[in-house]
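For reference, the structure is listed below as structure tokens.
In our numbering, the protein residues as written are 605 to 1126.
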């Protein structure tokens, strides 16, 4: 049969059967030992594991808990794929494995055989503002029978963005426009667009590549806004961070699985959105990962199942579907698309990884350390490169004053090798913000936002990638066009300002290795 994953906010009354049985099954999985592949903690450790953090948060006691064998840990644990084109095809079977194990627990406890994992549909917030939060079942201390509710967590494990344990997602950080309007699933990792699904990589856990556009927003932002932290310096012994803020603990929060079900659903909506949208067909991708460990996940009976990417790509081949595939992002008017295409050079055809020219046209000089609520740096530009961009954008304006910028001429601001110890941080990036003025008064100069979800583990020098940190790619084509039209485009440099959403301390060690500007075109 085909199981139907339903919208969290369409499930009906408080303690509807779907969430009630989810809670009971979570409690059942939590009762199983850590070395049981079908236990709550084992399944979470597949995504990430840090013994010290787990011990602090009460999920691991080295005096009591028996770890799985080294062979099993190397086989299963710390597999999560991020900053990679494997992000979506790895998380799909991971969720499926979890869902099947939870369903078996539901049936064992007397629940329905057709139980399916619900999804948290926060992307329809404009018409359904309640979806920016979580329903009562994630706050109530007890189930209807008076027993403890495993879906609810204490504030120290789920702070939220206001640090009070109440989840209120910021709609400004849920924008799907960039992701849904990207016509390529992947791009080569070279400073331009990372693609909808992420850059071409090998098996990728804790690497310094940029996230794909869907992973950047809303995925990373939701992790940060749900997890949060208590605002103290990281080196303060009383510092605590929510589970969802860190890949090594995120799977311990029951919200994690509902969040990722929605990300999986958004993948299909992107594919449905336009005939030119398709997954990569590169052999390295569909048969991947080509080197290193394959995707290995436990089954209901605790045995191993090996996955190749091509087995995950078609939703119709999976044993589940979704209640709705509504696309919340308006499509660009056809006349704008036509105007954008009518330029000196034709737009790049929507083919698999089309060959486009990407060149570095500017970078700052020094590592930028963020302390407090603002950081500034000057990016020095190659005048000839930016002049070429300016001429092409001017040519576009002659075609249609309000037309979208040509897809084949795009500008990207890259934050490279972001390192630090504080994960629950969102950073707003502005270009040429007038001195002394507030960023909120200049949305036209907003380059985008970056989440530091996972920065601490990505900065660990003991990982296979040597602590290269996180990187982010923000398209600033429209910002450059605004500056050009306003006569404020200085071909010598750009001023870049970073605004963290909370106060950063010196000991948080948040640094940006380089801020660079790339043009992508022909």
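We put the beta carbon where it would ideally sit given N, CA and C, even for glycine.
8 Å CB neighbourhood of residue i in its chain, flanking five on each side removed
i           : result
residue 605 : 718 and 923
residue 872 : 919, 926 and 929
residue 734 : 613
residue 834 : 760, 763, 767, 842, 843, 844 and 845
residue 752 : 631, 745 and 746
residue 967 : 983, 984, 1118, 1119, 1120 and 1121
Closest Cα partner of residue i within the set the options
i            : options                   : result
residue 900  : 636, 647 and 776          : 647
residue 730  : 933, 834 and 682          : 933
residue 858  : 1013, 706 and 1024        : 706
residue 1107 : 695, 837, 626 and 860     : 837
residue 1116 : 898, 1063, 963 and 1023   : 1023
residue 694  : 893, 884, 672 and 764     : 893
residue 709  : 742, 633 and 936          : 633
residue 806  : 891, 1092, 828 and 631    : 891
residue 1051 : 1035, 1044, 1062 and 1042 : 1035
residue 970  : 662, 982 and 671          : 982
residue 1038 : 1093, 860, 1079 and 902   : 1093
residue 624  : 674, 742 and 725          : 742
residue 739  : 769, 663 and 1099         : 769
residue 812  : 852, 1072, 994 and 619    : 1072
residue 1126 : 1078, 1076 and 1013       : 1013
residue 847  : 883, 861 and 840          : 861
residue 703  : 960, 1096, 797 and 903    : 903
residue 998  : 715, 1090 and 754         : 1090
Chain-order list of residues whose beta-carbon lies under 7 Å from that of residue i (same chain, five-residue window excluded)
i            : result
residue 879  : none
residue 1127 : The chain is shown only over 605 to 1126; residue 1127 falls outside these bounds and no answer can be derived.
residue 617  : none
residue 711  : 717
residue 781  : 933
Sequence-distant residues of the same chain with beta carbon closer than 6 Å to residue i, five excluded per side
i            : result
residue 700  : none
residue 622  : 615 and 722
residue 979  : 972 and 1102
residue 823  : 867
residue 1084 : 1015
residue 649  : 681
residue 677  : none
residue 911  : 697 and 899
residue 799  : 788, 789, 790, 791 and 816
residue 869  : 723 and 926
residue 611  : 725 and 927
Range of the contiguous beta strand (DSSP E) that encloses residue i
i            : result
residue 1099 : 1097-1104
residue 1124 : 1115-1125
residue 691  : Per DSSP, residue 691 belongs to no beta strand (DSSP E); it is in the alpha helix (DSSP H), 691-712.
residue 732  : From DSSP, residue 732 is part of no beta strand (DSSP E); its letter is neither H nor E.
residue 963  : 961-967
residue 980  : 979-985
residue 607  : 607-609
Distance, residue j Cα to residue i Cα
i            : j            : result
residue 1104 : residue 976  : 8 Å
residue 1122 : residue 965  : 5 Å
residue 644  : residue 655  : 15 Å
residue 830  : residue 991  : 43 Å
residue 1018 : residue 642  : 40 Å
residue 745  : residue 877  : 41 Å
residue 1033 : residue 1064 : 25 Å
residue 1131 : residue 747  : Since the displayed the chain opens at 605 and closes at 1126, residue 1131 lies outside it and no answer follows.
residue 907  : residue 1081 : 49 Å
residue 1027 : residue 757  : 19 Å
residue 864  : residue 916  : 15 Å
residue 1110 : residue 1029 : 14 Å
residue 988  : residue 832  : 43 Å
residue 854  : residue 679  : 20 Å
residue 1074 : residue 1020 : 7 Å
residue 728  : residue 737  : 12 Å
residue 1087 : residue 984  : 16 Å
residue 608  : residue 640  : 28 Å
residue 946  : residue 995  : Note that residue 946 has pLDDT 36, beneath the 50 cutoff, so the model's placement of it is unreliable and the number below is only indicative. Distance between the alpha carbons of residue 946 and residue 995: 15 Å.
residue 940  : residue 797  : Because residue 940 carries a pLDDT of 43, less than 50, the predicted location of this residue cannot be relied on, and no value is offered for it.
residue 1004 : residue 629  : Because the pLDDT at residue 1004 is just 47, under 50, the model does not fix this residue reliably, and the value given afterwards should be weighed accordingly. If you take the alpha carbons of residue 1004 and residue 629, they lie about 57 Å apart.
residue 949  : residue 765  : Note that residue 949 scores a pLDDT of 38, beneath 50, so its modelled location is shaky; the value from the coordinates is reported in the next line. Their Cα atoms are separated by approximately 45 Å.
residue 1060 : residue 683  : 17 Å
residue 960  : residue 1078 : 18 Å
residue 1056 : residue 1114 : 9 Å
The alpha helix (DSSP H) enclosing residue i, as first and last residue numbers
i           : result
residue 936 : Looking at the DSSP string, residue 936 is not in any alpha helix (DSSP H), and its letter there is neither H nor E.
8 Å Cβ cutoff, residue i in contact with chain D
i            : result
residue 1060 : Given the protein chain composition of this structure (a single chain), no chain D is represented.
(request) Just list the alpha helix (DSSP H) runs in the stretch 1022-1074, keeping only unbroken ones of 4 residues or longer that don't cross its boundaries, in chain order. (result) 1059-1062
(request) Go through the stretch 630-654 residue by residue and report every complete run of the alpha helix (DSSP H) that reaches 4 residues or more, in order. (result) Here the runs fully enclosed are 644-651.
(message) Threshold first: 4 residues or longer. Then list the alpha helix (DSSP H) segments lying entirely within the stretch 737-796, N to C.
(response) 781-785
(request) Enumerate, from N- to C-terminal direction, the unbroken beta strand (DSSP E) stretches of 3 or more residues contained entirely within the stretch 886-922. (result) 899-902 and 908-911
(message) Quick check on the DSSP output: what are the complete alpha helix (DSSP H) runs of length 4 or more inside the stretch 807-837, in order along the chain?
(response) 825-831
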